[in-house]
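Accompanying notes for the structure given below.
2 protein chains.
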Amino acid sequence: MSTHAAARVAAPTRREQILKEAARLFAERGFHGVGVDEIGAAVGISGPGLYRHFPGKDAMLAELLVGISERLLAGGQLRVSEDASGDRSPEALLDALIEGHIDFALDDRPLITLHDRELDRLRDTDRKRVRRLQREYVEVWVAVVRDLYPALPEHEARATVHAVFGLLNSTPHLGRPGALPGRTDTAALLHRLARGAFGAAGEPKAV
Amino acid sequence: MSTHAAARVAAPTRREQILKEAARLFAERGFHGVGVDEIGAAVGISGPGLYRHFPGKDAMLAELLVGISERLLAGGQLRVSEDASGDRSPEALLDALIEGHIDFALDDRPLITLHDRELDRLRDTDRKRVRRLQREYVEVWVAVVRDLYPALPEHEARATVHAVFGLLNSTPHLGRPGALPGRTDTAALLHRLARGAFGAAGEPKAV
DNA sequence: AGAGGTTGTTAGTGAGCGTTAACGTATCCC
DNA sequence: GGGATACGTTAACGCTCACTAACAACCTCT
Numbered sequence: 001m002s003t004h005a006a007a008r009v010a011a012p013t014r015r016e017q018i019l020k021e022a023a024r025l026f027a028e029r030g031f032h033g034v035g036v037d038e039i040g041a042a043v044g045i046s047g048p049g050l051y052r053h054f055p056g057k058d059a060m061l062a063e064l065l066v067g068i069s070e071r072l073l074a075g076g077q078l079r080v081s082e083d084a085s086g087d088r089s090p091e092a093l094l095d096a097l098i099e100g101h102i103d104f105a106l107d108d109r110p111l112i113t114l115h116d117r118e119l120d121r122l123r124d125t126d127r128k129r130v131r132r133l134q135r136e137y138v139e140v141w142v143a144v145v146r147d148l149y150p151a152l153p154e155h156e157a158r159a160t161v162h163a164v165f166g167l168l169n170s171t172p173h174l175g176r177p178g179a180l181p182g183r184t185d186t187a188a189l190l191h192r193l194a195r196g197a198f199g200a201a202g203e204p205k206a207v
Numbered sequence: 001m002s003t004h005a006a007a008r009v010a011a012p013t014r015r016e017q018i019l020k021e022a023a024r025l026f027a028e029r030g031f032h033g034v035g036v037d038e039i040g041a042a043v044g045i046s047g048p049g050l051y052r053h054f055p056g057k058d059a060m061l062a063e064l065l066v067g068i069s070e071r072l073l074a075g076g077q078l079r080v081s082e083d084a085s086g087d088r089s090p091e092a093l094l095d096a097l098i099e100g101h102i103d104f105a106l107d108d109r110p111l112i113t114l115h116d117r118e119l120d121r122l123r124d125t126d127r128k129r130v131r132r133l134q135r136e137y138v139e140v141w142v143a144v145v146r147d148l149y150p151a152l153p154e155h156e157a158r159a160t161v162h163a164v165f166g167l168l169n170s171t172p173h174l175g176r177p178g179a180l181p182g183r184t185d186t187a188a189l190l191h192r193l194a195r196g197a198f199g200a201a202g203e204p205k206a207v
């Protein structure tokens with residue numbers, strides 16, 4: 001709307017630059033471990049200039065966490081709704097969810113880190129909102145998993161989903177940014193691992 | 001040694017009380033989010049009284065993280081060395097590692113949280129030491145996994161181990177302390193999931 | 001040209017917090 | 001009894017850091 005910039009690659013606005021750098025710094029040193037001066041320096045302005053774009057440091061974290069949660073949920077819901085006609089197999093649906101989550105975990109590693117690390121630094125209202133979005137996202141997965149493995153009790157399905165999130169979100173521990181042996185291979189490996197875990201949950205005897 | 005106390009249940013010394021409460025508080029609100037006054041209050045003394053037991057706040061975190069890493073590594077090495085005669089199957093050995101890690105993840109949830117969350121707050125020397133211990137622990141697992149699945153390339157084995165750690169360490173997300181549907185069942189489920197993931201890593205075609 | 005909005009700047013303020021100082025008290029040992 | 005030691009206390013210091021105030025440069029529109 002307000003930006004009549006070239007429709008090309010959508011030049012990153014100042015706000016977006018700030019959010020991106022803040023995410024990186026928060027992930028590296030923690031919310032309390034990063035000063036506003038550092039965030040400003042990372043985008044070329046210094047210190048209190050940030051307050052032209054955000055009402056405070058908390059607001060940056062809040063916008064980051066709410067944004068992540070909303071995008072994750074929206075992505076999951078989109079993939080499920082694409083299957084509204086029910087023509088896809090439950091396996092394919094679960095694969096789609098896994099693939100989407102892996103894309104996210106590989107492309108936005110700082111955000112993944114923040115997502116379960118700095119949630120407690122939010123104001124009550126924001127924290128509740130993020131938790132709600134997270135819960136809804138989990139429920140999307142649980143529904144698909146239980147569709148695929150009807151014999152799996154609900155609480156086990158939920159615990160399994162949380163555990164698989166832990167597995168997929170391990171990407172920040174896999175070495176520094178470029179150390180991965182190829183994004184495609186890593187994604188494929190994580191996918192296999194996740195499917196293996198779900199399979200073990202749903203078909204215990206196969207172990 | 002210095003404590004000639006009753007051999008009974010080993011009455012917790014002040015230092016141990018402090019470490020336990022500090023671990024809980026650090027896990028709940030982050031290292032920088034907790035003040036020394038709070039830690040003191042949690043053990044019945046207030047504020048600077050802590051400095052009779054620790055040279056500083058950093059030292060508490062360092063002792064916690066080094067302690068965790070050492071216990072994890074020692075536990076893993078012990079389980080492997082028990083098999084020095086080689087009479088146990090690789091499967092049983094991997095199961096023993098998984099079981100030990102699960103016990104740890106279920107019994108010391110705050111420490112698990114700290115373990116990968118507050119590492120960067122340590123002084124260089126302590127951080128390097130913890131990283132070294134963590135790396136050695138990973139290598140113990142990698143050796144066992146590659147023994148079980150010789151066809152698995154080393155970097156994939158290592159990534160898989162990290163991912164399974166993420167899976168097992170998801171216990172803090174499984175609801176508040178008492179909400180687990182029975183410790184035994186949770187442990188069994190996590191064990192199945194981990195074995196499923198390893199199996200998928202080692203036998204890709206089975207998927 | 002000049003008013004107004006946007007986006008910076010630097011200097012300062014006030015609160016929080018880790019740490020130290022100075023001081024009390026109980027216990028142990030001779 | 002009387003030091004030494006262990007373990008607390010409260011008061012204060014000093015630094016960091018989020019945030020505000022006051023001011024300046026540029027862009028746009030009439």
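The listed protein sequences derive, respectively, from chains A and B. Numbering-wise, the first sequence is residues 1 to 207 according to full-length UniProt numbering. Numbering-wise, the second sequence is residues 1 to 207 according to full-length UniProt numbering. Glycine included, each C-beta is placed from N, C-alpha and C at the ideal position.
Membership of A/Arg-129 in the alpha helix (DSSP H) is indicated by the continuous run 124-148.
By the Cβ-count criterion, A/Gly-166 is buried, with 16 or more other Cβ atoms from all chains shown falling within 10 Å of its own Cβ. Per DSSP, reduced to three states, the secondary structure at A/Val-161 is helical. Look at B/Ile-112 here: in three-state DSSP terms it is helix.
Shortest Cα-Cα distance from A/Tyr-149 to any of A/Arg-109, A/Ala-200, A/Val-164, A/Ala-194 involves A/Ala-200. With respect to the 8 Å criterion, A/Ala-23 and A/Leu-64 are classified as neighbours on the basis of their beta carbons. Close to chain B, meaning a Cβ-Cβ distance shorter than 9 Å, are the following residues of the UniProt domain "HTH tetR-type" (12-72) of chain A: Glu-28, Arg-29, Gly-30, Phe-31, His-32, Gly-33. For A/Arg-146, the closest Cβ of chain B is not nearer than 8 Å. Taking the Cα positions, A/Glu-154 is about 26 Å away from A/Ile-112.
Of the candidates B/Leu-94, B/Asp-185, B/Asp-120, B/Leu-94 places its Cα closest to the Cα of B/Glu-139.
DSSP, reduced to helix, strand and coil, places A/Pro-172 within a helical segment of the structure shown.
When 9 Å is used as the limit between beta carbons, B/Val-130 is near no residue of chain A, the shortest such separation being about 14 Å. Neighbourhood of A/Phe-165 in chain B, by CB distance below 8 Å: Ser-170, His-173, in chain order. In this structure, A/Leu-50 keeps its C-beta atom at 8 Å or more from the C-beta atom of A/Ile-68. Contact with chain B is found for A/Ala-200, since one of that chain's Cβ atoms lies less than 8 Å from the residue's Cβ.
Taking 8 Å as the CB threshold, B/His-155 lines the interface with chain A.
If only uninterrupted alpha helix (DSSP H) runs of at least 4 residues are considered, those enclosed by the UniProt domain "HTH tetR-type" (12-72) of chain A are 14-29, 36-42. Chain B has a Cβ within less than 8 Å of the Cβ of A/Gly-196.
A Cβ-Cβ contact shorter than 8 Å links B/Val-43 with B/Gln-17. CA-CA distance, A/Arg-183 to A/Ala-84, rounds to 31 Å.
A direct Cα-to-Cα measurement between B/Val-145 and A/Phe-198 gives close to 20 Å. One thing to note: B/Arg-192 has its Cβ within 8 Å of the Cβ of A/Pro-204.
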